[in-house]
Amino acid sequence: MLDNRNTSTSICADSSSTRKLVFRSRSVVAFGAALALALLAFAASPAKADDGATLFKTNCVVCHGADGTGTPTGKALKAPDLHSDAVQKMTDAQIEDQINNGKNNMPPFKSTLKPEQVKLLVAYVRTFKKK
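Every position in the sequence shown, counted from 1, becomes a number in my numbering once 78 is added.
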């Protein structure tokens, strides 16, 4: 003969476990969705292209180096040391012009950088001034 008490108890136990599993699965999915949205918001944030340091790293480091003294490639192309008096004595307008139109082996950036980004780069170049 079949004992219904044991069967119903195991069904209830299984049902409870299933509810816990479904709840945990939903929680994981909700957390994952929230994390994905947060990452998308961070990736779309305009700050990544709106500060001089990031713009410098994106556009200038290859030749001028992270510290502004120049990389081997930059030195081969005769990129100036941004700490030098020659660079630091230039006016902001002269540096802007050089970034926009290029000079010698430096390519022009006026088609890839907005005027406000160029100004941010000029301000960042000024941070290399000798103390």
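The beta carbon of each residue, even a glycine, is placed where N, CA and C say it ideally should be. If you're wondering where the values come from, they're calculated on a predicted model, not measured in any experiment.
State the DSSP-derived secondary structure class of K153, mapped to helix, strand or coil.
Translated into the one-based positions of the sequence shown, residue 153 becomes position 75. Reduced to three states, the DSSP call for K153 is helix.
**Asked** Any idea what DSSP makes of K181, helix, strand or coil?
**Response** To locate residue 181, count along the sequence shown from 1; it is residue 103. K181: strand per DSSP, three-state reduction.
For V140, count neighbouring C-beta atoms within 10 Å of its own C-beta (all shown protein chains included) and say buried if the count is 16 or more, exposed if not. Looking up residue 140 in the sequence shown gives position 62. Exposed, because fewer than 16 other Cβ atoms sit within 10 Å of the Cβ of V140.
Open item on the list: Can you look up L191 in the DSSP assignment and give me helix, strand or coil?
Closed with: For this step, residue 191 is matched to residue 113 along the sequence shown. If DSSP states are grouped into helix, strand and coil, L191 belongs with coil.
| query | Start and end of the alpha helix (DSSP H) containing H142? | reply | Taking the sequence shown and counting its residues from 1, the one referred to as residue 142 is at position 64. Looking at the DSSP string, the run of the alpha helix (DSSP H) that includes H142 is 139–142.
Notebook entry, point to check: Any idea what DSSP makes of K197, helix, strand or coil?
Noted result: Along the sequence shown, read from residue 1 onward, the residue named residue 197 stands at position 119. Helix, per DSSP.
Looking only at its own chain, which residues have a Cβ that is under 8 Å from the Cβ of L133, when we skip the five neighbours before and after it?
What you label residue 133 is simply residue 55 of the sequence shown in a count that begins at 1. Hits under 8 Å: A127, L191, Q195, L198, L199, Y202.
Counting C-beta neighbours from all protein chains within 10 Å, is the total for Q172 16 or more, i.e. buried, or is it exposed?
Position 94 of the sequence shown, counted from the first residue, corresponds to residue 172. Exposed, because fewer than 16 other Cβ atoms sit within 10 Å of the Cβ of Q172.
**OP:** Classify F206 as helix, strand or coil using the three-state DSSP reduction.
**Re:** Sequence index remark: in the sequence shown, residue 206 carries index 128 (1-based). Reduced to three states, the DSSP call for F206 is coil.
* How is D128 classed by DSSP in three states: helix, strand or coil? -> Within the sequence shown, numbered from 1, the residue matching residue 128 stands at position 50. Coil, per DSSP.
Self-check item: Proximity below 9 Å, CB of N182 to CB of K156
Solution: Translated into positions along the sequence shown, residue 182 becomes position 104. Translated into positions along the sequence shown, residue 156 becomes position 78. For N182 and K156, yes; Cβs fall inside 9 Å.
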